[in-house]
Amino acid sequence: MTPQAKLIFTTSLMLGTTITISSNHWIMAWAGLEINTLAILPMISKSHHPRSVEAATKYFLTQAAASALVLFSSMTNAWHTGQWDITQLTHPTSSLILTSAIAMKLGLVPFHFWFPEVLQGSPLTTGLLLSTVMKLPPIALLFMTSPSLNPALLTCMAVLSTALGGWMGLNQTQIRKILAFSSISHLGWMAIIIAYNPKLTLLNFYLYTLMTTAVFLTLNTIKTPNLSTLMTTWTKIPSLNAMLFLTLLSLAGLPPLTGFLPKWLIIQELTKQDMIPVATAISLLSLLGLFFYLRLAYCATITLPPHTTNHMKRWHINKPTSTTIAILMVLSTTLLPISPMITTTI
Numbered sequence: 036m037t038p039q040a041k042l043i044f045t046t047s048l049m050l051g052t053t054i055t056i057s058s059n060h061w062i063m064a065w066a067g068l069e070i071n072t073l074a075i076l077p078m079i080s081k082s083h084h085p086r087s088v089e090a091a092t093k094y095f096l097t098q099a100a101a102s103a104l105v106l107f108s109s110m111t112n113a114w115h116t117g118q119w120d121i122t123q124l125t126h127p128t129s130s131l132i133l134t135s136a137i138a139m140k141l142g143l144v145p146f147h148f149w150f151p152e153v154l155q156g157s158p159l160t161t162g163l164l165l166s167t168v169m170k171l172p173p174i175a176l177l178f179m180t181s182p183s184l185n186p187a188l189l190t191c192m193a194v195l196s197t198a199l200g201g202w203m204g205l206n207q208t209q210i211r212k213i214l215a216f217s218s219i220s221h222l223g224w225m226a227i228i229i230a231y232n233p234k235l236t237l238l239n240f241y242l243y244t245l246m247t248t249a250v251f252l253t254l255n256t257i258k259t260p261n262l263s264t265l266m267t268t269w270t271k272i273p274s275l276n277a278m279l280f281l282t283l284l285s286l287a288g289l290p291p292l293t294g295f296l297p298k299w300l301i302i303q304e305l306t307k308q309d310m311i312p313v314a315t316a317i318s319l320l321s322l323l324g325l326f327f328y329l330r331l332a333y334c335a336t337i338t339l340p341p342h343t344t345n346h347m348k349r350w351h352i353n354k355p356t357s358t359t360i361a362i363l364m365v366l367s368t369t370l371l372p373i374s375p376m377i378t379t380t381i
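For the sequence shown, the working numbering assigns the number 36 to the initial residue and increments by one for each residue that follows.
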C-alpha cells in the first residue's frame with residue numbers, strides 16, 4: 036500500500052469516527068459509521084491473500100447489515116416520535132433494534148462470529164484498529180442512548196459475551212484469535228454497566244484500548260503470529276518480553292495492575308444496583324480469560340523452547356524499543372494508585 040493511500044484511509048478513519056461521536060442526528064451518525072467501514076476495508080485486504088479477502092468480505096457484509104439495522108431503528112423511532120435526535124431514542128422497539136445493531140458492530144454475543152475470523156485474516160496493525168478505534172463510534176452511540184436501553188437484554192448479552200469470550204479462547208493457538216476472544220470478553224464488562232453508569236463503560240474502554248495497544252504493538256515488534264513462535268521470542272528483546280508478561284496480566288484484571296481498576300469499579304456499581312448474582316457470575320467467568328492470558332504470558336516469558344523446534348532462534352534485536360510502546364507498557368501496569376482521582380471524576 037502506497038503512503039498516499041495509507042494517508043487517505045487513515046484520515047477517512049479519523050473523519051468517520053469524529054463524525055459519529057460528535058453528531059446529534061441519526062443520519063450523520065450512520066454516515067460516519069459507513070465512512071469508517073469503507074476506510075478500514077482496504078487495510079484488511081491489503082495483503083491480497085485469500086484469507087485477507089475473506090476477512091474483508093465478512094467484515095463488509097456484517098457491518099452493512101448492522102448499518103441497515105441502525106437506519107431502520109432510527110426511522111422507526113422517527114416514525115413514532117417525530118425525533119431524529121440520537122438522545123431522543125424513546126420507542127422500545129427502536130431501542131431493541133439499535134441494541135442488536137450495535138452488538139453486531141461491536142461483536143457482542145450472539146453476533147460475535149465474524150470478529151475472530153476477521154481479526155485472524157488481518158495484519159496486526161489493522162487488527163489493532165479493529166479492536167480499538169473501530170469500537171469507539173458504536174460505544175459512543177450506546178453512551179448517548181444509554182437511558183433508553185433495555186438493561187435486562189444488555190445484562191444477558193454481557194454475561195454471555197464474558198462466558199463465550201473466555202470459553203472459546205481457551206483452545207486457541209493463534210494469538211490474534213486469542214486477542215479477539217479477549218476483546219469479546221471485555222465488551223461484556225462494558226455492556227453490563229452501560230445502562231447504570233455509562234462513564235464506567237467509557238473508562239473501561241479507554242483502559243482496554245491502552246492495554247490492547249501495548250500488546251498489539253509489542254507483538255508487531257517481535258513478529259509473533261502464534262504460540263509456538265512466541266516461545267522463541269525471549270531471545271529477541273528480553274526486557275520487552277518481561278513487560279509483555281505484566282501487560283497481559285493487567286489485561287486479565289489482576290491487582291495491583293491497571294486492568295483491575297475497571298473490573299473493581301464495575302463490580303462495586305453492580306453491587307450498588309442489587310445485582311450481586313450477576314456480579315458474582317461475571318467475576319467467575321473472567322477467570323476463563325485469566326487462563327489464556329496466563330498461557331500467553333507463560334509462553335512469552337517462562338517457557339524455554341525445546342531444542343527440536345522448527346523455528347529459527349533470533350538473537351537480540353539491536354534496535355531500541357519504541358518510546359510509544361514503553362509509555363503504553365508503563366501506563367498499562369501502574370495506573371491503579373491513581374484510582375481515587377479517577378473515581379472522583381466519574
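Ideal Cβ placement from N, Cα and C applies to all residues, glycine included.
Counting other Cβ atoms within 10 Å of its Cβ, phenylalanine 251 reaches 16 or more and is therefore classed as buried. Judged by beta-carbon spacing, threonine 293 lies within the 8 Å limit of serine 367, meaning their Cβ atoms are closer than that value.
Tryptophan 202 and alanine 215 have their alpha carbons spaced roughly 12 Å apart. Listed as beta-bridge partners of histidine 60 by DSSP are Asp120. With fewer than 16 other beta carbons inside 10 angstroms of its own, methionine 376 counts as exposed. Taking the Cα positions, alanine 175 is about 13 Å away from glycine 51. Residues of the same chain with a CB within less than 8 Å of the CB of phenylalanine 327, apart from the 5 flanking positions on each side, are Gly201, Gly204, Leu205, Gln207, Ile213, Phe216, Ser217 in chain order. With a cutoff of 8 Å on beta-carbon distance, methionine 63 and isoleucine 56 are scored as not near each other. Taking a C-beta distance under 8 Å as the contact criterion, threonine 356 and isoleucine 272 qualify as a contact pair. In this model, isoleucine 219 and histidine 147 are separated by some 7 Å (Cα to Cα). Nearest in C-alpha terms to threonine 282, of all of Leu242, Trp65, Asp309, is Leu242. Taking proline 186 as reference, the option from Phe150, Thr134, Lys140 with the minimal CA-CA separation is Thr134. Residue pairing by DSSP places glutamine 308 in no beta bridge whatsoever. Judged by pairs of C-beta atoms under 8 Å, the stretch 128-145 touches the stretch 179-196, as three or more such pairs exist. No Cβ-Cβ contact shorter than 8 Å links proline 290 with leucine 164. In terms of Cβ geometry, leucine 222 and leucine 143 form a close pair [threshold 8 Å]. Residues of the same chain with a CB within less than 8 Å of the CB of leucine 331, apart from the 5 flanking positions on each side, are Ile210, Ile213, Leu262, Leu265, Leu283 in chain order. Between the alpha carbons of leucine 296 and histidine 83 lies a gap of roughly 41 Å. Put simply, the backbone Cα of methionine 169 is about 27 Å away from that of glutamine 118.
Scanning the stretch 133-215 from its first residue to its last, the whole alpha helix (DSSP H) runs of 4-plus residues come out as 149-155, 159-166, 171-180, 186-204. Leucine 73 and methionine 225 have their C-alpha atoms roughly 26 Å apart.
By the 16-neighbour rule on beta-carbons within 10 angstroms, threonine 247 is buried. In the displayed model, asparagine 261 falls within a strand according to three-state DSSP. If you draw a straight line from the Cα of leucine 106 to the Cα of proline 173, it comes to about 13 Å. When rounded, the separation of the alpha-carbon atoms in threonine 190 and threonine 37 is 44 Å.
The Cβ atoms of alanine 249 and isoleucine 360 sit closer than 8 Å to each other. Within the stretch 71-105, no run of alpha helix (DSSP H) at least 4 residues long lies entirely inside it. Per DSSP, the continuous alpha helix (DSSP H) segment holding proline 273 begins and ends at 273-287.
By the criterion of a C-beta distance shorter than 8 Å, proline 312 is surrounded by no residue of its chain, once the five residues flanking it on both sides are discounted.
Between the alpha carbons of alanine 91 and isoleucine 228 lies a gap of roughly 31 Å. Contact between glycine 156 and glutamate 89 holds: CB atoms are separated by about 6 Å, below the 8 Å threshold.
The shortest C-alpha to C-alpha distance from valine 365 to any of Ile79, Asn71, Leu279 is the one to Leu279.
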